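The structure appears right after this line, and notes come after that.
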Amino acid sequence: MCAIIDLHTHHERCGHATGTLRDYIEVAIRKGFRAIGLSDHAPLFAHRHEHPAPEIQMGKHEFENYLSEAVELKQIYSDRIEVLVGAECDYLPGTEAIYQQALQDERLDYVLGSVHEFSGYHVFKPSTWQHVQDPEEVYSLYYSAVRCAAESGLFDVVAHIDAIRAMGPATDCDILPYIEDAVDAIARNGIAVEINTSGIRKCGESFPAASLVKMLHSMCVPFTYGSDSHHPEEVGYGWEEVSRVLLGLGVHRLLKFDKRRPVEVEIPSA
2 MCAIIDLHTH HERCGHATGT LRDYIEVAIR KGFRAIGLSD HAPLFAHRHE
52 HPAPEIQMGK HEFENYLSEA VELKQIYSDR IEVLVGAECD YLPGTEAIYQ
102 QALQDERLDY VLGSVHEFSG YHVFKPSTWQ HVQDPEEVYS LYYSAVRCAA
152 ESGLFDVVAH IDAIRAMGPA TDCDILPYIE DAVDAIARNG IAVEINTSGI
202 RKCGESFPAA SLVKMLHSMC VPFTYGSDSH HPEEVGYGWE EVSRVLLGLG
252 VHRLLKFDKR RPVEVEIPSA
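Numbered per the numbering used here, the sequence shown spans residues 2 to 271.
Here it is as structure tokens:
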């Protein structure tokens, strides 16, 4: 079974991925995709420096070149595959107005919203948990940030919603109420949640976990799919398992986007 869409890909501009935009498109065509989303890490628009994290995000000056190249490739490949122009942006409290302006570019088809850093912690840097005294508070802060991201109006999709599960501090506390608050905000604000298969590589299960997928589905939250690929050959990673889980829940459609408007696409049944 081939993947129909993959809306989460990165490339060399972000400083920690390999391959060009064209490389990812070519792999998607070879694997039989209907659509491929280009969604590299957007600049830290609110930071005072031009390129404060070259190993994580592209610089501000690169964003225009990124969008221009993506649009050009969209046109070049239009008779072979649908190329969607997107970006992955971190949710950073207090910077909403700056990002609102930066993300108004009419060339964008969609924006993924992510929480990587929050309250001095980083979901993929275990060293930030070394001195945690209250793991429950950490999870409360994380899911509060996810909730605020959903309420910000900046994003079309929440990416890797429970990424903290991969490397976060161990806890036996009941964190379900914090998750439920985030899910409620997502449902109320009508945005989608990505099934992100990088979780399989990081912790053996996609983001979100199966139990959270069921909760989201019960709240009528729509889904999309993203491999979060950082190498061209990772495009479509884990799709067959994702489609099996979603079809098993009775989910038969995913979302793609056109100029920030959601468009439903059928999940192939075989």
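Note that CB positions come from ideal geometry on N, CA and C, so glycine has one too. Only a predicted model underlies this, so the values are computations on that prediction, with no experimental measurement involved.
In chain order, what residues of the same chain lie with their CB nearer than 6 Å to the CB of residue i, ignoring the 5 residues before and after it?
i	result
H52	G60
H232	T19
P127	M168
S230	T10 and V236
P136	P170 and T172
V222	I187, A188 and V194
Helix, strand or coil for residue i, going by three-state DSSP, please let me know.
i	result
L177	helix
V147	helix
Y226	strand
L45	coil
Y1	Residue coverage of the chain in this structure runs from 2 to 271, which leaves residue 1 outside it and unanswerable.
Y67	helix
R245	helix
P263	strand
L213	helix
K257	strand
C221	coil
Y100	helix
D106	coil
D185	helix
L85	strand
E235	helix
Y78	coil
H62	helix
To the nearest angstrom, how far is it from the Cα of residue i to the Cα of residue j?
i	j	result
E206	L250	17 Å
E27	P209	28 Å
M2	A29	Interpretation of M2 is limited by its pLDDT of 45, a score under 50 that renders its predicted location unreliable; no figure is taken from the coordinates.
D177	N66	As written in the sequence, residue 177 is Leu, which differs from the Asp given in the question. Spanning the two alpha carbons is a distance of roughly 42 Å.
I99	F224	27 Å
G114	M220	20 Å
R31	I82	10 Å
S244	N197	12 Å
H123	Q131	12 Å
A211	I192	19 Å
V133	D80	53 Å
H48	V158	23 Å
D163	L217	12 Å
I165	P263	27 Å
K257	E267	10 Å
V252	L213	14 Å
D41	E118	17 Å
A103	A183	25 Å
A185	A160	In the sequence as displayed, the identity of residue 185 is Asp instead of Ala. Those two C-alpha atoms are separated by around 16 Å.
T129	S120	10 Å
V139	Y179	11 Å
C15	E242	28 Å
A54	W240	31 Å
Identify, in the order they occur along the chain, each residue of the same chain with its Cβ nearer than 7 Å to the Cβ of residue i, setting aside the five sequence neighbours on each side.
i	result
S153	Y92 and E97
V86	L39, L68, A71, V72, K75, R108, L109 and D110
D7	A29, F34, I37, G38, Y226, G227, S228, V236 and G237
Y78	I26 and V84
H17	E56, I57 and H231
F64	A43 and P44
S270	L248
K215	L250
D259	D110
R254	E265, V266, E267 and I268
Does any residue of chain D have a CB that is nearer than 7 Å to the CB of residue i?
i	result
L142	You won't find chain D in this structure, because it holds only one protein chain.
Ignore the nearest five residues each way along the sequence and tell me which others in residue i's own chain have a CB closer than 8 Å to its CB.
i	result
T21	H12 and E13
P94	A146 and C149
E181	M216
F156	C90, Y92, V112, L113, G114, A150 and I192
E234	V28
Next on the checklist: Does the contact criterion of 3 or more C-beta pairs under 8 Å hold for the segment 141 to 155 versus the segment 238 to 258?
Outcome noted: no
Taking contact to mean 3 or more Cβ pairs, one atom from each stretch, closer than 8 Å, check whether the segment 95 to 110 and the segment 136 to 144 are in contact.
no
* Asked: Should the segment 169 to 178 be called in touch with the segment 193 to 204, which here means at least 3 C-beta pairs below 8 Å?
  -> As far as the Cβ criterion goes, the segment 169 to 178 does not touch the segment 193 to 204, which means the pair count is below three.
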